[in-house]
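Colleague:
Numbering (the working numbering), first residue to last: 872 to 1066.
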């Protein structure tokens, strides 16, 4: 009995049906292998063309044909958010953007590149040796490594202004939070002053 090899890449077996899609150009009898959308509204319905006619169709295709400049700009803006509804940020988004910009300006401008790199590697080593108390103190201050002593002090001053008992009318919760902040500050100073 002879050995038979079957090539799975070819659809040439006798029981398989071969399908021949004719080019959608009315004067062409070639196979339509290449699909193209029917219109900008019907993007999921296609014409099938041969290589010659798909090139012609693509040259003449203009997605924005028939639209005004304003309609084109609106369409492009909607494409940025995938044509989904969107809402403005809650509150004063100008204030939020100012805070974000200030943060990056402080971080990037306060340190020169060499100092930034030195702080990163120094703090990376410190990060591996943090105790639970030190990690908790960092999370209370909402700080991540790498950081500087100056950054710890600035954050401490901001938190003190918010949670000081005199500011909060002797509120017990604010007083407890203030004590926590002071303890965390002492822990962080002890850790990062020596490094």
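Heads up, the beta-carbon is just placed ideally off N, CA and C, and yes, glycines get one too.
So for residue 891, helix, strand or coil by DSSP?
Modeller: For the purposes of this step, residue 891 is identified with residue 20 of the chain shown, where counting begins at 1. Residue 891: coil per DSSP, three-state reduction.
Colleague: Where does residue 936 fall in DSSP's three states?
Modeller: On the chain shown, position 65 is the one that residue 936 refers to. Three-state DSSP puts residue 936 in coil, outside helix and strand.
Colleague: What is the rounded straight-line gap between the Cα of residue 1047 and the Cα of residue 1035?
Modeller: To locate residue 1047, count along the chain shown from 1; it is residue 176. To locate residue 1035, count along the chain shown from 1; it is residue 164. Going from the Cα of residue 1047 to the Cα of residue 1035 covers about 10 Å.
Colleague: Between residue 892 and residue 928, how many whole angstroms is the CB-CB distance? I'm expecting something under 8 Å.
Modeller: Mapped onto the chain shown, residue 892 falls at position 21. Mapped onto the chain shown, residue 928 falls at position 57. Actually they are not in contact, since the Cβ atoms of residue 892 and residue 928 sit about 15 Å apart, beyond 8 Å.
Colleague: Quick test of your reading: residue 1031 and residue 1058, contact by CB under 8 Å. State the CB separation rounded to the nearest angstrom.
Modeller: Indexing the chain shown from 1 puts residue 1031 at position 160. Indexing the chain shown from 1 puts residue 1058 at position 187. That pair is no contact at about 16 Å.
Colleague: Given a threshold of 16 other Cβ atoms within 10 Å of its Cβ, counted over all protein chains shown, does residue 1055 qualify as buried or as exposed?
Modeller: Numbered from 1 along the chain shown, position 184 holds the residue referred to as residue 1055. Classification of residue 1055: buried, given that the 10 Å Cβ count is 16 or more.
Colleague: In terms of alpha-carbon separation, which member of 950, 910, 939, 915 lies closest to residue 931?
Modeller: Residue mapping note: residue 931 aligns to position 60 of the chain shown, counting from 1. Considering only alpha carbons, the answer is 910.
Colleague: Rounded to whole angstroms, what is the Cα-Cα separation between residue 1041 and residue 954?
Modeller: Here residue 1041 corresponds to residue number 170 of the chain shown, with the count starting at 1. Here residue 954 corresponds to residue number 83 of the chain shown, with the count starting at 1. Approximately 51 Å between the Cα atoms of the pair.
Colleague: What does the alpha-carbon distance come out to for the pair residue 906 and residue 924?
Modeller: Position 35 of the chain shown, counting from 1, holds the residue named residue 906. Position 53 of the chain shown, counting from 1, holds the residue named residue 924. Going by the C-alpha atoms only, they are around 11 Å apart.
Colleague: So, under 8 Å CB-CB, residue 1063 and residue 1020 are touching, yes? Tell me the CB distance rounded to an integer number of Å.
Modeller: Here residue 1063 refers to the residue found at position 192 when the chain shown is read from its first residue. Here residue 1020 refers to the residue found at position 149 when the chain shown is read from its first residue. Rounded, the Cβ-Cβ distance is 5 Å, consistent with contact.
Colleague: Taking just the CA atoms, how far does residue 969 sit from residue 1060?
Modeller: In the chain shown, the residue the question calls residue 1060 occupies position 189. In the chain shown, the residue the question calls residue 969 occupies position 98. Straight-line Cα distance between these residues: approximately 29 Å.
Colleague: Between residue 1005 and residue 949, what straight-line distance do the alpha-carbon atoms span, to the nearest angstrom?
Modeller: Here residue 1005 is taken as the residue at index 134 of the chain shown, counted from 1. Here residue 949 is taken as the residue at index 78 of the chain shown, counted from 1. When rounded, the distance between both Cα atoms is 47 Å.
Colleague: Would you report the Cα separation of residue 914 and residue 1007, rounded to the nearest angstrom?
Modeller: Locating residue 914 in the chain shown gives position 43, counting from the first residue. Locating residue 1007 in the chain shown gives position 136, counting from the first residue. So the two alpha carbons sit approximately 54 Å from each other.
Colleague: Determine the DSSP secondary structure at residue 1012, reduced to helix, strand or coil.
Modeller: Reading the chain shown from its first residue, position 141 is the one you call residue 1012. Three-state DSSP puts residue 1012 in coil, outside helix and strand.
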